[in-house]
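I have placed the structure first, in the form of structure tokens, so that the comments after it can refer back to it.
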Amino acid sequence: MHSGILQNNHSSAFWRNRPVLVTGGAGFIGSWLADGLIRRGADVTILDIKKALPDAGGHYDTLRSKGRYIQGDVRDEKVLEDILRRYHITTVFHLAAEAIVGNALKDPGEALDTNIRGTWTVLEAVRRLNPKIHVITASSDKAYGAHETLPYTEEFSLSGRNPYDCSKSCADLIAQMYGHTYGLCLVVTRCGNVYGGGDLNFSRLVPDTIRSLWHGKAPVIRSDGMFRRDYVFVSDIVSAYLSTAEALIAGEMKHHVFNFGTGAPQRAIDMVSRITELMDTTLQPVILSEAQYEIKDQYLDASRAQETLRWHPRVGLEEGLVDTIAWYKEYFRQSGITSSE
Numbered sequence: 001m002h003s004g005i006l007q008n009n010h011s012s013a014f015w016r017n018r019p020v021l022v023t024g025g026a027g028f029i030g031s032w033l034a035d036g037l038i039r040r041g042a043d044v045t046i047l048d049i050k051k052a053l054p055d056a057g058g059h060y061d062t063l064r065s066k067g068r069y070i071q072g073d074v075r076d077e078k079v080l081e082d083i084l085r086r087y088h089i090t091t092v093f094h095l096a097a098e099a100i101v102g103n104a105l106k107d108p109g110e111a112l113d114t115n116i117r118g119t120w121t122v123l124e125a126v127r128r129l130n131p132k133i134h135v136i137t138a139s140s141d142k143a144y145g146a147h148e149t150l151p152y153t154e155e156f157s158l159s160g161r162n163p164y165d166c167s168k169s170c171a172d173l174i175a176q177m178y179g180h181t182y183g184l185c186l187v188v189t190r191c192g193n194v195y196g197g198g199d200l201n202f203s204r205l206v207p208d209t210i211r212s213l214w215h216g217k218a219p220v221i222r223s224d225g226m227f228r229r230d231y232v233f234v235s236d237i238v239s240a241y242l243s244t245a246e247a248l249i250a251g252e253m254k255h256h257v258f259n260f261g262t263g264a265p266q267r268a269i270d271m272v273s274r275i276t277e278l279m280d281t282t283l284q285p286v287i288l289s290e291a292q293y294e295i296k297d298q299y300l301d302a303s304r305a306q307e308t309l310r311w312h313p314r315v316g317l318e319e320g321l322v323d324t325i326a327w328y329k330e331y332f333r334q335s336g337i338t339s340s341e
């Protein structure tokens, strides 16, 4: 299966045999991060609440054959402490979360518990067992909440008011607290809307649009189509995590919060139109204008990451969408999901 655009600007020697834990490693971003670490020789342990890795081929097969998969809840202190101790973990990427805005709206208690308690459980385990473990914890641009001035910089207040946004604001602040108060070697990353092959949450705009068009159905836009988001390709985010960890481990970190995005927001209607063109169809989207409790415009200033970490998004929107569409087409074919073409 199409494996995405792998960036090779990170040293395999740096990661070779390094014991790493990726929480949420069966998810979209976590799986690509785990794949990137494995390709660079790291000893990767994945903790995820899913019973097994998705049967989606490609990089998931790499994780199955070369990674260590543990089914468990990130809120379980004993599981975390056992993993950290047993596998001598030196670096943690904490990505486990309830990441679907709609799910958080329907069940705020579960989202708050997963995202907030999950974060402090990971950090508390590190604090107790070995505060020298390096931790990169995933926040989001949603943690900023609504601001009149854009783009977001790292100095903006965290003021999420809706369930998902609030959970990310709280988890972000808790992570910073552990760094400030207990001296944990920690960095918080705030990313825009990540897209690419392997995202099996079809409530999201890009995979849902591709699946609809594959079936010959009109894509659906929940908002009025005018909402703008900062879409960044998944390999650029994997590179962001690796760059952050490498600087943190090398002791070169001057800042402990970083934005990662393109700074070039796209309207939902324009994303759908571009995907429609690339899939060579004339189907027009159905615009529901039903989005609730979502912020109109969100995009990030990533200058700090560019200047400090020398990180830049390398994959343009066109290239990223072409790669993404190819991944899903192959996935649908292998899954026996026929096209309307």
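One point on numbering: in UniProt numbering, the residue at position 90 of the sequence shown is 90, and numbering is uninterrupted. Ideal placement from N, C-alpha and C gives every residue a C-beta, glycine not left out. Computed from a predicted structure; not experimentally measured.
Determine, using beta carbons only, whether residue i and residue j come nearer to each other than 8 Å.
| i | j | result |
| --- | --- | --- |
| valine 238 | cysteine 191 | no |
| asparagine 201 | isoleucine 100 | yes |
| histidine 255 | arginine 310 | no |
| valine 122 | valine 74 | yes |
| leucine 63 | serine 31 | yes |
| threonine 244 | isoleucine 174 | no |
| leucine 21 | isoleucine 116 | no |
| arginine 267 | leucine 321 | no |
| alanine 125 | glutamate 77 | yes |
| residue 353 | valine 135 | Since the first and last residues shown for the chain are 1 and 341, residue 353 lies out of range. |
| tyrosine 293 | leucine 105 | yes |
| histidine 10 | glutamate 246 | yes |
| tyrosine 144 | phenylalanine 156 | yes |
| lysine 168 | lysine 142 | yes |
| isoleucine 221 | proline 265 | no |
| threonine 181 | phenylalanine 258 | no |
| threonine 153 | aspartate 48 | no |
| proline 19 | threonine 90 | yes |
| alanine 97 | glycine 24 | yes |
| phenylalanine 260 | alanine 240 | yes |
With a CB to CB cut of under 7 Å and the five nearest residues on each side skipped, what residues in its chain are close to residue i?
| i | result |
| --- | --- |
| glycine 67 | Ala34, Ile38, Val44 and Ile46 |
| asparagine 17 | Gly41 and Asp43 |
| tyrosine 60 | Ser31, Leu53 and Pro54 |
| serine 3 | Confidence in serine 3 is poor, its pLDDT being 44 and thus under 50, which makes the residue's placement too unreliable to answer from. |
| leucine 29 | Note that residue 29 corresponds to isoleucine in the displayed sequence, not to leucine. Answer for isoleucine 29: Leu95, Val194, Val234 and Ile237, listed in chain order. |
| tryptophan 15 | Leu37, Arg40, Gly41 and Ala42 |
| valine 315 | Ile5, Phe233, Ser235 and Asp236 |
| alanine 146 | Ile295 |
| lysine 51 | Gln71 |
| alanine 85 | Note on residue identity: the sequence assigns arginine, not alanine, to residue 85. Answer for arginine 85: Leu129, listed in chain order. |
| threonine 308 | Lys254 and His255 |
| leucine 166 | Per the sequence presented here, residue 166 reads as cysteine, with leucine not at that position. Contacts found: Gly160. |
Assuming residue i and residue j make a contact with CB atoms under 8 Å, what is their CB distance in whole Å?
| i | j | result |
| --- | --- | --- |
| arginine 228 | tyrosine 299 | 7 Å |
| leucine 95 | glycine 27 | 7 Å |
| aspartate 224 | isoleucine 287 | 6 Å |
| proline 219 | leucine 283 | 7 Å |
| arginine 127 | tyrosine 178 | 7 Å |
| leucine 205 | methionine 253 | Actually they are not in contact, since the Cβ atoms of leucine 205 and methionine 253 sit about 34 Å apart, beyond 8 Å. |
Starting from the C-beta of residue i, find all residues in its chain whose C-beta is less than 8 Å away, skip the five residues before and the five after it, and write them out in chain order.
| i | result |
| --- | --- |
| tyrosine 328 | Gly197, Pro207, Ile210, Arg211 and Trp214 |
| methionine 279 | Ile210, Leu213, Trp214 and Ile325 |
| glycine 102 | Ser203 |
| glycine 263 | Pro151, Asp230, Tyr299, Leu300, Asp301 and Ala302 |
| isoleucine 306 | As written in the sequence, residue 306 is glutamine, which differs from the isoleucine given in the question. Excluding sequence neighbours, glutamine 306 sits near His312. |
On the DSSP bridge assignment, give the partners of residue i in chain order.
| i | result |
| --- | --- |
| histidine 94 | Thr23 and Thr137 |
| threonine 45 | Leu21 and Arg68 |
| valine 286 | Val220 |
| leucine 300 | Tyr152 |
| cysteine 185 | His134 |
| asparagine 115 | Paired residue(s): none; asparagine 115 is not in a bridge. |
| valine 272 | For valine 272, which the question treats as bridged, DSSP gives no partner whatsoever. |
| threonine 260 | At residue 260 the sequence reads phenylalanine, which differs from the threonine that was named. Bridge partners of phenylalanine 260: Cys191. |
| arginine 267 | Arg228 |
Apart from the five residues just before and just after residue i, which ones in its own chain have a Cβ nearer than 6 Å to its Cβ?
| i | result |
| --- | --- |
| methionine 1 | Low local confidence applies: a pLDDT of 47 at methionine 1 is under 50, so the model's placement there is unreliable, and no value is given. |
| phenylalanine 332 | Trp214 |
| glutamine 334 | Gly57 |
| serine 139 | Lys168, Asp172, Val188 and Arg190 |
| glutamate 319 | none |
| residue 354 | Since the displayed the chain opens at 1 and closes at 341, residue 354 lies outside it and no answer follows. |
Every unbroken beta strand (DSSP E) inside the segment 187-254 [3 residues or more]: 193-195 and 231-233
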